[in-house]
Amino acid sequence: MAPPPSPKHPLLCKPMVSEWRHTLSNGLVVMERPKEGWPKRHMFDHPFKGLVKSQRESWLANTKPALLASTWHTGQGTIRDSYNKLSKLLPQLIHAPGLEIGIPTPADPPATSAAYAGVAPYHFLITGLSQMAVNMLIYMKVAASAECVAFFIPVTMQNSEYLGTIEGLYFNSAAADRVRTAVQNSLRTEGSTLTYLREHLPQDPEVANKLIDSITVEPIEIIDQGGDKVTVWNILCTPPPLPHADYVTWMDKVRKLELLDKYGGRGTFRVQRQFHCIACQSVSHPTGLCPFPLVKGWLGQPATTSMAEDASIEEVKTPKHQAPTGRGGGKGHATRGHRTY
């Protein structure tokens, strides 16, 4: 007698949809994927950075279908708490009887076992599932229920669209076009960053022009130590297809650039005071400006600014909806599906 067919993945069963949420066949209520897509999470470092050496080598050597998962955090709870949440959530999303969740072990143990899980390494290695299940979860990117908000990414490190955040310019958020032009001019006049691309990607004679044209900027309003409102600028691009190690070298060159404007002053990349959102782990904004709680139907807890969440020392204010400018669009035209804060 042939064995019975495997049960369907709960995600593939027809859900009941209501008010930006849907209920799976097993009763789990999760958020509907926003029409414009989930806010993007940007990272510089490899997800395995900070793992104890033996575990890092073992995870890198894995050849079975796998992905990485992390959880939404507000600064409370431990790595074990995240493990327990994922252990409950994943079987409600996919059929994987052999599911295994690898807990990240830091090379430098935290001072206390109660350390919250918003500090790297915070990615869990998920194995024991089919390639189909891996593809589904990576396509989802986010699974948000009332009990757990989980983020899914490939094991292979992707080149980041986020180049960094520029500060020091005396422009308000309405000057996105001007900042974008200043970034493009700086790349052209400095030269070495574009030369690096041409030397490492000789098969594409237009690689430098493509990079320049893909630049977009996003304004973020923060409050500095003196209580003044200032605007800093996230710089994004379509990442050139360099091997990741070469891409990191290229990004280091980009982040040494200076932007000079006869009216706007001097702009430099934030390198020593890089943002780090504890809630979603992105490096493109402080925790208090995380865009995820702004998504309609949000089921997770709100982000908070009551913790020392990143290397910056600014306090942040309520996010604003401002459209980024780029790819030749005029001011106020949204590009690349990004949300501004």
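Residue numbering for the sequence shown follows this note's numbering, starting at 101 and increasing by one per position.
Using N, Cα and C, we set each Cβ at its ideal position, and we do this for glycine too.
Q. Using 8 angstroms as the Cβ pair cut-off and three pairs as the minimum, do the region 163-182 and the region 120-128 touch?
A. no
Q) Between the Cα of residue 267 and the Cα atoms of 334, 304 and 288, which residue gives the shortest distance? A) Within the sequence shown, residue 267 is the residue found at index 167, counting from 1. Per the Cα distances, 334.
**Q.** Span of the beta strand (DSSP E), counted from its first residue to its last, around residue 152
**A.** Here residue 152 is taken as the residue at index 52 of the sequence shown, counted from 1. Note, residue 152: premise wrong, no beta strand (DSSP E); not H, not E.
Q: Tell me whether residue 321 is buried or exposed, calling it buried when 16 or more other Cβ atoms sit within 10 Å of its Cβ.
A: Counted from its first residue, the sequence shown places residue 321 at position 221. Looking at its Cβ environment, which holds 16 or more other Cβ atoms inside 10 Å, residue 321 is buried.
Q. By DSSP, does residue 383 sit in helix, in strand, or in coil?
A. Indexing the sequence shown from 1 puts residue 383 at position 283. Correct three-state label for residue 383: coil.
Q | For residue 353, the three-state DSSP class (helix, strand or coil) | A | If you number the sequence shown from 1, residue 353 lands on position 253. Residue 353: helix per DSSP, three-state reduction.
Q.
Here's the rule: buried if 16 or more other CB atoms are within 10 angstroms of the residue's CB, otherwise exposed. What is residue 131?
A. Stepping through the sequence shown from its first residue, residue 131 is reached at position 31. Residue 131 comes out buried.
(Q) Does the structure place the region 251-266 close enough to the region 371-388 that three or more beta carbon pairs sit under 8 angstroms? (A) yes
Q: Say yes only if the C-beta of residue 149 is nearer than 6 angstroms to one or more non-hydrogen atoms of the ligand ATP, and no if none qualify.
A: The model depicted lacks the ligand ATP and carries no ligand whatsoever.
Q. According to the neighbour-count rule (16 or more other Cβ atoms, all chains shown, within 10 Å of its Cβ), is residue 225 buried or exposed?
A. As a working mapping, residue 225 is identified with position 125 in the sequence shown. Per the 10 Å Cβ criterion, buried.
Q: Give me the Cα-Cα distance between residue 414 and residue 265, rounded to the nearest whole angstrom.
A: Taking the first residue of the sequence shown as position 1, residue 414 is located at position 314. Taking the first residue of the sequence shown as position 1, residue 265 is located at position 165. Only weak support is given to the placement of residue 414: the predicted model assigns it a pLDDT of 41, under 50, and the question is left unresolved by the model.
Q) Under the three-state reduction of DSSP, which class applies to residue 398: helix, strand or coil? A) Residue mapping note: residue 398 aligns to position 298 of the sequence shown, counting from 1. If DSSP states are grouped into helix, strand and coil, residue 398 belongs with coil.
Q: Report all residues from its chain with a CB closer than 8 angstroms to the CB of residue 301; omit the five preceding and five following residues, and keep chain order.
A: For the purposes of this step, residue 301 is identified with residue 201 of the sequence shown, where counting begins at 1. Result list for residue 301: 307, 340, 341 and 342, in chain order.
Q | Cβ-based burial, residue 270 [other Cβ within 10 Å; buried from 16] | A | The sequence position of residue 270 within the sequence shown is 170, counting from 1. The residue in question, residue 270, is exposed, as its Cβ has fewer than 16 Cβ neighbours within 10 Å.
(Q) Buried or exposed, going by whether 16 or more other CB atoms sit within 10 Å of the CB of residue 345? (A) As a working mapping, residue 345 is identified with position 245 in the sequence shown. With fewer than 16 Cβ atoms within 10 Å of its Cβ, residue 345 is classed as exposed.
Q. Can you tell me the Cα-Cα spacing of residue 108 and residue 191, whole angstroms?
A. Here residue 108 is taken as the residue at index 8 of the sequence shown, counted from 1. Here residue 191 is taken as the residue at index 91 of the sequence shown, counted from 1. Cα to Cα, residue 108 sits roughly 12 angstroms from residue 191.
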